[in-house]
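Numbering (the numbering used here), first residue to last: 117 to 366. Built from N, CA and C at the ideal position, the CB exists for glycine as well. Read the structure below first, then the notes.
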Ligand code: PEP
């Protein structure tokens, strides 16, 4: 069944003390609709802390990345099994910052998706075009290629573990949001692309989040669109009141 989801990507922000404060603040917020699933994605060093502090809360914890191997000589990396050992079973993969600054290609992401699914993890799979792509009207093709090359090798049965996040790169951290119509247009396109490959039921059931400068002031008109099932939130997730307001904006 399609779920409504708001996930906060903290990126490389918040040390132990900042994270403690933000997590405690989040626990005091009134998340009004229990059918809206809420995730926070702190950095690796704060995942276990988040799990402990949010133990009695409905807020779930996700990781921002993971390595495609289960273990071994990969200095500086963190595996799915390590994440699972601190009770993290959701991971964001394919964020545009990972693609741009850490050379994460579609084929690497396909491996990461496989590793996550093999370890029974849920994946928040990000994709989205750059400004140039939109200007040259290549945005649908770019998105379709990202999905086909990074994700469409998976079996039908595991789609229940996939959440999609459309994040136009030009809207991330820029203050410039896609209009609700632009978001809807792309989400509908993505759903149709999934339908063509995997069928009606999977297309109808998958949650597609929008990400890119979502704020309390613009969340409700974006979330009101029929193919937008929530948001992946960066900057506004660093403030508990703003984040809760976004989660309450359905
Ligand atoms: C993000 O990093 O996924 C994001 C959407 O950031 P922001 O909300 O700050 O644009």
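The alpha helix (DSSP H) enclosing residue i, as first and last residue numbers
i: residue 167; result: 163–169
i: residue 363; result: 356–363
Closer than 8 Å: residue i CB and nearest ligand 1 heavy atom
i: residue 211; result: yes
i: residue 349; result: yes
i: residue 330; result: yes
i: residue 290; result: yes
i: residue 127; result: yes
i: residue 353; result: yes
i: residue 335; result: no
i: residue 312; result: no
i: residue 327; result: yes
i: residue 368; result: Nothing can be reported for residue 368, as the shown portion of the chain is limited to 117 through 366.
i: residue 281; result: yes
Separation of residue j from residue i, as counted between CA atoms
i: residue 316; j: residue 161; result: 40 Å
i: residue 275; j: residue 318; result: 7 Å
i: residue 279; j: residue 142; result: 23 Å
i: residue 240; j: residue 310; result: 16 Å
i: residue 183; j: residue 308; result: 30 Å
i: residue 321; j: residue 156; result: 22 Å
i: residue 159; j: residue 127; result: 7 Å
i: residue 293; j: residue 330; result: 7 Å
i: residue 263; j: residue 284; result: 14 Å
i: residue 135; j: residue 172; result: 17 Å
i: residue 260; j: residue 337; result: 25 Å
i: residue 153; j: residue 272; result: 23 Å
i: residue 287; j: residue 131; result: 26 Å
Host beta strand (DSSP E) of residue i (start-end)
i: residue 209; result: 206–209
i: residue 153; result: 152–157
i: residue 120; result: 120–125
Residue i vs residue j beta-carbon contact at 9 Å
i: residue 123; j: residue 226; result: no
i: residue 199; j: residue 166; result: no
i: residue 270; j: residue 235; result: no
i: residue 345; j: residue 120; result: yes
i: residue 178; j: residue 204; result: yes
i: residue 354; j: residue 325; result: no
Minimum length 3: unbroken beta strand (DSSP E) runs contained in the stretch 288–335: 323–327
Length-filtered (3 minimum) beta strand (DSSP E) runs lying within the stretch 224–296: 238–243, 278–282
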